[in-house]
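Below: the structure, in structure tokens.
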């Protein structure tokens, strides 16, 4: 068997973290043996929640029953393994981890005594064909419930996925104790309401690893992967095909280290969070490994060291595995790509697929046209790692000569343009990104604005700027009234139609809410998770809704003049439901003695006509 | 398992005149289950509820034998102003600013226009408004709340959204005579269903609904300003018959409506959700009734395709299931006729008596069925066998024309049935129905599988492989297709803002109004 170079081993090792068909290859339980076999230390990150968990146990008193929740791949097992090592002074016992449960002695400095860790509830309870839990498992959970209720016993840490938690509750036998039922009832309540502390069980604590923002995990993973000393192979083995000048790995590694690409990845992670998609650590690592090693021509679409690599990298084909393609899973066929949730999410952003006149004219005419030449050279001119598809210049030339007319050619040309837009999206520096407003190449045209003008101040507990608040007000006014009201009004007009409050044209005014007198408008951080929420206050009543990426995008587009119903029927109905809820929560009632009928003048100012009903 | 609705003492025949060619569908499903557009179903239901509220009898218990009557509004002047008033804008434009002249001209025009239907005096209007323009503004405003304006060309069938009691009236012919083509009674059947629900539910409904049909609200006052001071009501009319004292669908409908009413929708928005639940529950009532007659005391399985872009087993079976469910009404007709004849011992003895002549048997059978089924025309059968066959065929034809069409119309109105993307109608719930079901069944945040269990247990809705395997033959349950259907369900609810998806195929459904 030929011996492998350090570089080959490293790539082989990284592949195990990639989007391979055997999806569980990345699980902590499996990676350890692979790591030992290759003699490479596994990728390790200190999860931001580890310190919180440690505090629950690494003290002499008041230890907890900690339920560690999180999306699959958030690092629950790793967190448990690390805690066992800290608390017992030695690594977890492989014989126990294979059974998914370990009971150990706590070091005296942490108070001594016994503690039990269940590494993964599903693996732990899959021991019989019976759908209910086995007697000894129920007995163990009874002990955890007893300790959580403050009735004595020893502390526990239990790692469980969201779905598994419900499965476990369903698997409880009918004759289990009322204490155990009460324990799980409380746990489900805490889970569904994102509550970390229990009101009924003094020793029960829920730690949700998914509550850490994805962009923080992205930063952590980028640092963790790119700082590995094994990357020295790029310099040490530059004479080999695997790390030579035609290698896509080398190109993608250097690009991934640039500020531009890192900035983009972090922004995408922020957009994911703001859209309700949490990116678990495992998915982020998978994505980064795919960015580095993805290649459509290799088995499993990931570069594999060996003869295959030598054959493929003997000529330049780096554009095929360009970073901007791998980032969106383009190294996979569409059906394969769809199987991975993360690629499905990134695909739904349609990066590069939104046509835009400004960018398209730069791509198509920029090189020749004097008006666009400078911008073209600035944004598109540089391509140090040959990421652009070499067919693009040829097609551009054909297009300008009017020679792209066949359906297949038109389709190909569109594909090349989309590819080039993706490339610009990923490679543009933060300054260029802002200058050319590159978010317009994806569905969230206002994502940049959302990140810098809403998320940033809200995270810092600052007020958003007045001009940004006015834009939100303009969007809400137009959606909720159905009228093209001017975009500089300082108050929100809550109005209804004559039939329903959600009538597309709602021109009967019930209440104006501004930032003065007894009412209030504000964007602030939500208590439970610090996400931004839009708040309307009227007298003593308050109504708030989460300002998600989609809602923000919708409001911005409508504020700029788009018809509220032209975006998507779901988001339009969503805002109509919010209006109903606002009217209900703020206790707004129409006056039975008169009506205020709204109409617009030629500049969109609202004129109110009073209709007396006496 | 619930008791059969066909048990002795639960059914009472109707004794107030039978307006039907053959009283079979009416005897099984009531008088009557007929095609009705959604807006008319809602309008009819709210009209009856408001009529009973005015009588102080809202959701009082009713009996099958009772002819429940209420007086509806005619609102003649209002309807002429809104729908028979073509020169309003023209006069307003012509006499801009000259209010007196405008009133004079318009009053002349409207007298002319209203003459054909009924002479009316509109002079009361002038004193109610400062200017003619103010009057025009109000008429135009109220016109905007017409439900389904494109649904009918007949002005006398135009209905206003039930935003206030004064907006309620019954459709008529051009001369304001009662016209039952639009208010065909399913809306009244829905009211009667609620009036037979459990007492505690009726009491709760009687507490909750009046907030939506009470007078002296802003919208009520607006409409009243267009009407004469004294309102005219039609004479009290009844004639709607619901055969069963108790039926599983009564409490189900009541529960759904109570849950919706409790959400505190602003103004009268609740009717926008309620209409889908009424149509859906009346549809289930029809299917469940057929099932009970056929010997199954359980709601029919509703295999729902969550809208898919391509055809699969779920789509195929959702169509088959719909057809089978609705056509079971024809089997119910057979069983009903058999049971009817069997119930007359004298007749069955005679029919079984080999010594008796065919003529005598036929004569007695004719007499009996004629009296029981109020046959408008006696079929000409020459033998007992022929006669029975002809009666059955006539009854089935009536069932097809009324019940099966009504079921199709209710299913479509509820948003349960569609042929979107195919040429066959199938169960594929619309976003509006899914939303209504979530609002009616989710109080606290609940796991998606719990909601699916509720939908299965309460309505026999089948989305998942697990539920399919419990209710359908094993050979049609293609688990992977139902699994994808289940995934689409979670995705759809998420897109509608009704669910939050977590890891490990876990999703929480939430009622945004809670």
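Residue numbers (our numbering), protein chains in the order written: chain A, 410 to 1023; chain W, 95 to 608.
Cβ coordinates follow ideal geometry from the N, Cα and C atoms, glycine included.
Since the model is a prediction, treat every value here as computed from it, not as a measurement.
Presumed contact (8 Å Cβ cut-off) between residue 766(A) and residue 738(A), rounded CB distance: Contact flag wrong, Cβ pair sits at about 28 Å.
Beta-carbon contacts of residue 994(A) that lie in its chain and below 8 Å, excluding the five residues immediately before and after: Annotation for residue 994(A): 950, 951 and 952 place their beta carbon closer than 8 Å to its own, counting only its chain and skipping 5 residues before and after.
Determine the burial state of residue 1018(A): buried for a count of at least 16 other Cβ atoms within 10 Å of its Cβ, exposed for fewer. Exposed, by the Cβ-count rule.
Start and end residues, beta strand (DSSP E) containing residue 475(A): 474–478
Could you tell me which whole beta strand (DSSP E) segments of length 3 or greater appear in the stretch 410–454 of chain W? none
Any heavy atom of the ligand FAD closer than 8 Å to the Cβ of residue 451(A)? In the structure shown, the ligand FAD is absent, as is every other ligand, since no ligand is present at all.
Where do the N-terminal and C-terminal ends of the beta strand (DSSP E) with residue 941(A) fall, by residue? 941–947
Pop quiz: residue 834(A) and residue 962(A) are said to be a contact at Cβ under 8 Å. What is the actual Cβ separation, rounded to whole angstroms? Not a contact, Cβ separation roughly 17 Å.
Cα-Cα, which of 837(A), 506(A), 596(A) and 522(A) is closest to residue 550(A)? 596(A)
Shorter than 9 Å from the beta carbon of residue 363(W) to some beta carbon of chain A? Yes - at least one Cβ of chain A is within 9 Å of the one on residue 363(W).
Exposure of residue 422(A), with buried meaning 16 or more beta-carbon neighbours within 10 Å: The residue in question, residue 422(A), is buried, as its Cβ has 16 or more Cβ neighbours within 10 Å.
Considering only residues of the same chain and omitting the five flanking positions on each side of residue 215(W), which have a CB-CB separation below 7 Å? none
On a CA-only basis, which of 648(A), 706(A), 884(A) and 758(A) is nearest residue 721(A)? Give me that one, please. Minimum Cα-Cα distance from residue 721(A) among the listed residues 648(A), 706(A), 884(A) and 758(A) corresponds to 706(A).
In whole angstroms, what is the alpha-carbon distance linking residue 979(A) and residue 590(W)? 6 Å
Cβ-Cβ distance between residue 239(W) and residue 916(A) below 9 Å: no
Quick check on residue 309(W): buried or exposed, where buried means 16 or more other Cβ atoms within 10 Å of its Cβ? exposed
When DSSP labels each residue in this structure, what does residue 95(W) get in the three-state scheme? Caution is warranted here: a pLDDT of 44 is assigned to residue 95(W), below 50, making its placement in the model unreliable, and no coordinate value can be reported.
Between the C-alpha atoms of residue 570(W) and residue 585(W), what's the straight-line distance to the nearest angstrom? 24 Å
Going straight from the alpha carbon of residue 863(A) to that of residue 762(A), what length do you get? 26 Å
Kindly indicate which three-state DSSP category residue 849(A) falls into: helix, strand or coil? helix
Please list, in chain order, the chain W residues whose beta carbon lies closer than 8 Å to that of residue 748(A). Within chain W, no C-beta atom comes nearer than 8 Å to that of residue 748(A); the closest sits roughly 12 Å away.
Measure from the alpha carbon of residue 937(A) to the alpha carbon of each residue in 1015(A), 775(A) and 600(A), then state which is nearest. 600(A)
Straight-line Cα distance separating residue 459(W) from residue 479(W): 10 Å
With 16 other Cβ atoms within 10 Å as the buried cut-off, status of residue 809(A): exposed
Through-space distance from residue 743(A) to residue 782(A), alpha-carbon basis: 36 Å
Checking 9 Å against the spacing of the C-beta atoms, do residue 287(W) and residue 377(W) come in under that value? no
Inspect the CB distances between the stretch 336–356 of chain W and the stretch 942–949 of chain A and report whether three or more fall short of 8 Å. no
Note down, in chain order, every chain W residue with its Cβ under 8 Å from the Cβ of residue 1000(A). 312
Determine the extent of the alpha helix (DSSP H) in which residue 375(W) is found, giving its start and end residues. Here the alpha helix (DSSP H) through residue 375(W) covers 364–387.
With DSSP as the reference, identify every bridge partner of residue 241(W), one or two as the case may be. 253(W)
Does chain W have any CB closer than 9 Å to the CB of residue 513(A)? no
Is there at least one Cβ from chain A nearer than 9 Å to residue 95(W)'s Cβ? Residue placement at residue 95(W) cannot be trusted, given a pLDDT of 44 that sits under 50; what the coordinates show is reported in the next sentence. It does not: the Cβ of residue 95(W) has no partner Cβ on chain A nearer than 9 Å.
Return helix, strand or coil for residue 1021(A), following the three-state DSSP convention. strand
In whole angstroms, what is the alpha-carbon distance linking residue 890(A) and residue 986(A)? Residue 890(A) and residue 986(A): Cα-Cα distance of roughly 13 Å.
Coil, strand or helix - residue 410(A) by DSSP: Since pLDDT at residue 410(A) reaches only 46, below the 50 mark, its modelled position is unreliable, and the value read off the structure follows with that caveat. Reduced to three states, the DSSP call for residue 410(A) is coil.
Best match in 573(A), 681(A) and 796(A) for proximity to residue 734(A) [C-alpha to C-alpha]: Nearest C-alpha to residue 734(A) among 573(A), 681(A) and 796(A): 796(A).
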